[in-house]
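In terms of my numbering, the numbers along the sequence shown are unbroken and rise by one, the last being 253.
For each residue, glycine too, the CB sits at the ideal point set by N, CA and C.
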Amino acid sequence: PTPLLTDALPTPRLEGIAAERREVRFVSGDVELAGELDLPMGSGPHPLVFIIHHSGPVPRDAYGYLAEILLRAGYAVFRFDKRGTGASGGVYGCCERDDALAAYRAAVAQAGIDRCRVFIVAQSIGTQHLAAQYQAYLQVQRPRGVALLSNLLRANDIVRIDAPLMVIVADSEPELNAIGPEAVAAHNARYAAGSTLYIADGAEHTLFDIRDGPIDWTDPAWVDRYHRGAMQALVQQLDAWSAVRVSGSC
4 PTPLLTDALP
14 TPRLEGIAAE
24 RREVRFVSGD
34 VELAGELDLP
44 MGSGPHPLVF
54 IIHHSGPVPR
64 DAYGYLAEIL
74 LRAGYAVFRF
84 DKRGTGASGG
94 VYGCCERDDA
104 LAAYRAAVAQ
114 AGIDRCRVFI
124 VAQSIGTQHL
134 AAQYQAYLQV
144 QRPRGVALLS
154 NLLRANDIVR
164 IDAPLMVIVA
174 DSEPELNAIG
184 PEAVAAHNAR
194 YAAGSTLYIA
204 DGAEHTLFDI
214 RDGPIDWTDP
224 AWVDRYHRGA
234 MQALVQQLDA
244 WSAVRVSGSC
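Shown next, in the form of structure tokens:
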């Protein structure tokens, strides 16, 4: 199961780890949407992680736990409320690909972020949204790296993403080989930038740990059951990408 709007979405615990929580309004089509840029402590500009949601009518706080992890690691984080949720206008049920692209455009335009170190983290159906419009993302800002959490892309589609890539999937996925090893192998065969794979043992689809039993999404404590190994691998990969010097303009 995936966390939905009716489930418990605790306010992220950003006190002491966020130097600024900036409300950002942007337009997609004829609808005003709302997002939030969280900046880490310390002097900037900061590397940015832009999050593309999984499925369902979820607001920004569905990824509050990830903002906590990334802020502690020194990354700025942009999350947004899907259309018809949180502070965003409109009605949920359409335009998710266009809305995510509009959010990306708003995110990379913000002051305080390092446009040479922009990373995209897409999850589940978000991986499909990104692949479908990846050329449009490039026109806004080429990402330094892309992490596909709960990847849904197979070999034929993952190669649309011309960027250093990390795939993180749960060991419980019924099509694990196709969306994990085979997809990564196809990407590595196409691009020299390289892609890596992490398989989360004992995780459900959205990379929460189920070794102690299933997740109760109505219990606010679900946010503390993220898969430690998967999130540690994500941060380590972001750090590795961030450390690579890029010559010329980015």
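Review point. DSSP three-state call for Y229: helix, strand or coil?
Key: strand
Check your understanding: Does DSSP put Y194 in a helix, in a strand, or in coil?
Key -> coil
Practice item. Within its chain, find whatever has a CB closer than 6 Å to the CB of W225; leave out the 5 residues flanking it on each side and keep chain order. Key: I218
Review point. Quick one, are the C-beta atoms of D174 and A150 less than 8 Å apart?
Key: no
**Study point:** Close-in-space but distant-in-sequence residues of the same chain around I67 (CB under 6 Å, 5 per side omitted)
**Key:** For the record, residue 67 in the displayed sequence is Gly; it is not Ile. Contacts found: P15.
Check your understanding: What runs of the beta strand (DSSP E), each 3 residues or longer, lie entirely inside the stretch 42-74?
Key -> 49-55
Review point. Going by alpha carbons, who is nearest to Y137 out of A65, D160 and K85?
Key: D160
Exercise for review: Give the straight-line distance between the Cα atoms of R214 and A206, rounded to the nearest whole angstrom.
Suggested key: 7 Å
Point to revise | Neighbourhood of R228 by C-beta distance below 7 Å, restricted to the same chain and skipping five residues each side | key: F211, D212 and I218
Check your understanding: Can I171 and L133 be called in contact, C-beta distance under 8 Å?
Key -> no
Exercise for review: Have a look at R147, L74 and R118 and flag the residue whose alpha-carbon is nearest the alpha-carbon of I20.
Suggested key: L74
Point to revise | Segments of 3+ residues assigned as beta strand (DSSP E) that fall wholly inside the stretch 167-219 | key: 168-173 and 198-203
Review point. Taking Cβ positions, are Q142 and V121 nearer each other than 8 Å?
Key: no
Review point. Three-state secondary structure (DSSP) at V111?
Key: helix
Review point. For W244, which residues of its own chain have a beta-carbon under 7 Å away from its beta-carbon, when the five flanking residues on both sides are left out?
Key: F122, R147, G148 and P167
**Study point:** Cα-Cα separation between S31 and E39, rounded to whole angstroms
**Key:** 16 Å
Practice item. Kindly list the residues whose CB is nearer than 7 Å to the CB of D101, restricted to its own chain and excluding five residues on each side of it in sequence; keep chain order. Key: S31 and G32
Check your understanding: Is it the case that the Cβ atoms of D117 and P48 are separated by a distance below 8 Å?
Key -> yes
Practice item. Could you tell me the distance, in whole angstroms, from the CA atom of D181 to the CA atom of A125? Key: Rather than Asp, the amino acid found at residue 181 in this sequence is Ala. In a straight line, the C-alpha of A181 is about 18 Å away from that of A125.
Point to revise | DSSP beta-bridge partners of Q138 | key: For Q138, which the question treats as bridged, DSSP gives no partner whatsoever.
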